[in-house]
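See structure below.
Residue numbers (my numbering): -8 to 193.
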């Protein structure tokens, strides 16, 4: 229901078939109830299972979004990657999971609403949006980079705190894998930002 790897296969195709407002609901509000249950059951769940689910989700979300051209599929893989960050820390520090979830909902909502405003469904439809709506395009680019965890934007804070907590708990290898996999996600966010700044459609 949440879309964590390896139970994520349904999510990108379903997202592709939805319009942007419905996709927004699926990637944000639909996560709240399942995550409330996950936070309550996390103390009795095997920690290695949560770590494995988190690492798989972050890696699948990063790799899966690299070669996508459909914006809704990219946001689906983005959702999977962010869920990995939330699930890996839920047992160690549930407050960080809640913080990450809230910021994710805010940033994803802003991204979906921006794409809806400029009527964009593919990467190439983002081209020339800078010349038409520079303010909205700038806001969208900053939101996407924040989703990617680029400092000093808001999205960097929960990732940094999660990496710190993992290192404090004696899991430096896990923290390193998470940090490196975040670069995969950052790449396709940068690709979207680059497409927005083009003056002519590719």
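Idealized CB from N, CA, C, for every residue including glycine.
- For residue 74, the uninterrupted alpha helix (DSSP H) segment begins and ends at 62 to 80.
- The DSSP assignment places complete alpha helix (DSSP H) segments of no fewer than 4 residues inside the region 113 to 165 at 120 to 123, 125 to 138, 147 to 159, in order along the chain.
- With a beta-carbon spacing of about 4 Å, residue 67 and residue 3 fall inside the 8 Å limit used to define contacts.
- When C-beta atoms of the region 106 to 117 are compared with those of the region 141 to 151, fewer than three pairs fall below 8 Å, so the two segments do not count as touching.
- In the three-state DSSP reduction, residue 20 falls in the helix class (H, G or I).
- At least 9 Å separates the beta-carbon of residue 141 from that of residue 185.
- For residue 89, the enclosing alpha helix (DSSP H) stretches over residues 85 to 108.
- In the three-state DSSP reduction, residue 36 falls in the coil class, being neither helix nor strand.
- Residue 40 and residue 33 have their alpha carbons spaced roughly 10 Å apart.
- Of the residues assessed, residue 82 falls on the buried side of the cut-off, its CB having 16 or more other CB atoms within 10 angstroms.
- For residue 4, the enclosing alpha helix (DSSP H) covers residues 2 to 7.
- Taking the CA atoms as reference points, residue 161 sits about 50 Å from residue 123.
- With the rule of 3 Cβ pairs closer than 8 Å, the region 128 to 145 counts as touching the region 166 to 180.
- Residue environment analysis places residue 31 among the exposed positions, since fewer than 16 neighbouring C-beta atoms fall within 10 angstroms of its C-beta.
- In the same chain as residue 17, and ignoring 5 residues on each side of it, the C-beta atoms closer than 7 Å to its own belong to 6, 9, in chain order.
- Restricting attention to 86, 159, 92, 12, the CA atom closest to the CA of residue 74 is found in 92.
- Residue 157 sits close to residue 169, with the two beta carbons spaced by under 9 Å.
- By the neighbour-count criterion, in which 16 or more other beta carbons inside 10 Å mark a residue as buried, residue -1 falls on the buried side.
- In the three-state reduction of the DSSP assignment, residue 173 falls in the helix class.
- Less than 9 Å divides the Cβ of residue 101 from the Cβ of residue 131.
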